[in-house]
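Under my numbering, residues 59 to 381 are what the sequence shown spells out, in order.
Just so it is clear, CB atoms sit at the ideal spot from N, CA and C, and this is done for glycine as well.
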Amino acid sequence: MTLRAVVRGVGHYLPSRVVENAEFEATLDTSDEWIRARSGIERRHFATEDDTTSSMATAAARSALEDAGLGPDDIDAIVLATSTADLTFPSAATMVQDKLGMTRGFAFDVQAVCAGFVYALANANALIVSGQAKRVIVIGAETFSKIMDWTDRSTCVLFGDGAGALVLEAQDGAGTKADRGILATDLNSDGRHRDLLYVDGGVSTGTSGYLRMQGNQVFRHAVEKLAATAQTAMERAGVTADEVDWIVPHQANIRIIQGTAKKMGIGMDKVVVTVQDHGNTSAASIPLAISVGRKNGQIKDGDLLVTEAIGGGLAWGSVVLRW
59 MTLRAVVRGV GHYLPSRVVE NAEFEATLDT SDEWIRARSG IERRHFATED
109 DTTSSMATAA ARSALEDAGL GPDDIDAIVL ATSTADLTFP SAATMVQDKL
159 GMTRGFAFDV QAVCAGFVYA LANANALIVS GQAKRVIVIG AETFSKIMDW
209 TDRSTCVLFG DGAGALVLEA QDGAGTKADR GILATDLNSD GRHRDLLYVD
259 GGVSTGTSGY LRMQGNQVFR HAVEKLAATA QTAMERAGVT ADEVDWIVPH
309 QANIRIIQGT AKKMGIGMDK VVVTVQDHGN TSAASIPLAI SVGRKNGQIK
359 DGDLLVTEAI GGGLAWGSVV LRW
């Protein structure tokens with residue numbers, strides 16, 4: 059028998075404020091057509107005064123717990139992927155732990171920017187297969203609207219806010235690719251490329267800073283690295299492209315999503331796409347897409363999923379799991 063981290067529940071939260079592309083036309087030299095053509099984004103959600111990263115993460119976690127038929131006392135750990143925690147410390151994960159009323163177990167944040175949720179899944183998987191936790195809530199949550207330079211049309215139109223969560227549970231499998239749960243992971247980073255995507259603030263500057271990105275360079279790295287990490291994880295899981303039911307990619311840019319799928323030899327009819335409605339929600343984008351894909355009836359029991367993401371660092375990785 060092989061211990062697997064199996065998805066027991068899924069949920070998400072989106073702020074009530076919806077921002078259409080046209081809203082940017084009043085303050086920027088841009089247009090709905092320009093934004094759609096370069097990113098595929100039509101709208102995104104921005105946090106309201108009542109929304110914080112931890113509050114959105116908590117709402118997504120509650121939704122996932124409800125879907126799983128579990129309560130906070132059934133959970134051993136919370137792993138929260140975010141680059142926009144409420145405070146420098148304590149972690150947003152411990153804030154979620156408190157808001158859920160969870161008084162046992164442990165909670166911590168993972169910071170790998172847009173690749174954060176993949177990193178968080180890999181960490182949660184390790185906790186489960188090592189026996190340190192039986193059930194783990196894995197969350198991706200971001201308020202990127204708080205770190206936007208609203209004069210930079212190349213970045214501020216791309217990002218949105220939101221949160222998504224999965225409940226993972228330890229279950230016995232046969233040790234084959236037919237098992238439910240996480241079958242393989244692959245993580246990578248290369249700090250030489252840190253200047254391609256970063257925030258120009260922090261404790262060294264005394265400011266929160268703004269997001270800065272060399273979009274063309276990030277695009278150049280993204281397709282190649284995403285396809286490669288997905289292939290590595292698939293090989294570790296012993297599966298091939300024709301066995302994949304769904305790619306659930308980081309929702310950064312429709313051209314990156316299309317380019318990666320093509321390089322993997324998988325048609326767009328097998329890709330869950332939500333970028334048009336959410337924009338780039340960084341670490342929240344994959345769990346958001348999974349939750350929406352499940353809610354829409356795309357992702358079904360037994361389906362084989364491949365998730366992949368790349369973000370600042372550069373950091374990138376992938377996870378192969380069977381629903």
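What did DSSP end up calling residue i once you bin it into helix, strand or coil?
i	result
Leu379	strand
Gly351	helix
Ala105	coil
Leu346	helix
Glu100	coil
Taking residue i as part of the beta strand (DSSP E), name the residues at either end of that continuous run.
i	result
Ile368	Leu362 to Gly369
Glu78	Arg75 to Glu78
Per the DSSP calculation, residue i is bridged to which residue(s)?
i	result
Thr60	Gly231
Gly382	Given that the chain is displayed from residue 59 to residue 381, the structure contains no residue 382 and the question cannot be resolved.
Asp219	Thr201
Ala373	Ser247 and Gly369
Over what stretch of residues does the alpha helix (DSSP H) that includes residue i continue unbroken?
i	result
Ile93	Asp90 to Ser97
Gln356	Note, Gln356: premise wrong, no alpha helix (DSSP H); not H, not E.
Asp12	In this structure the chain extends from 59 to 381, so residue 12 is not present and cannot be described.
Worksheet item: Which ranges does the beta strand (DSSP E) cover as unbroken runs of at least 3 residues, wholly within the region 222-270, from first to last along the chain?
Response: 239-247 and 255-257
- Message: Ignoring anything shorter than 4 residues, give me the alpha helix (DSSP H) runs that lie fully in the region 269-331, in order along the chain.
- Response: 273-295 and 312-322
Runs of alpha helix (DSSP H) lying entirely within the region 170-216, each at least 4 residues, in chain order: 174-187
Q.
So within the region 110-179, which uninterrupted alpha helix (DSSP H) runs reach at least 4 residues, ignoring any that extend past its ends?
A. 111-126 and 150-158
Quick check: the region 136-152 against the region 231-238, are there 3 or more CB pairs under 8 Å? no
Pair every Cβ in the region 239-257 with every Cβ in the region 277-297, then say whether three or more of these pairs are closer than 8 Å. yes
>> Is it the case that the region 88-103 contacts the region 214-232, given that we only count it when at least three CB pairs across the two stretches are under 8 Å?
In response: yes
- Message: Taking 8 Å as the cut-off, does the region 185-200 touch the region 306-316 (at least 3 CB pairs, one atom from each stretch)?
- Response: no
- Touching or not, the region 65-72 and the region 339-354, by the rule of three or more beta carbon pairs under 8 Å? yes
Answer yes if the region 250-267 comes into contact with the region 353-373, meaning at least three C-beta pairs across the two stretches below 8 Å, and no otherwise.
yes
Would you call the region 151-166 and the region 119-131 touching, i.e. three or more CB-CB distances under 8 Å?
-> yes
**Prompt:** With contact counted as at least three CB pairs below 8 Å, one residue from each stretch, are the region 328-336 and the region 164-182 in contact?
**Reply:** no
Would you check if there are 3 or more beta carbon pairs closer than 8 Å linking the region 138-157 to the region 114-121?
-> yes
- Give a yes or no on contact between the region 194-202 and the region 221-230, applying the rule of three or more CB pairs nearer than 8 Å. yes
Original post:
Touch check for the region 76-96 and the region 202-214: three-plus C-beta pairs under 8 Å?
Top reply: yes
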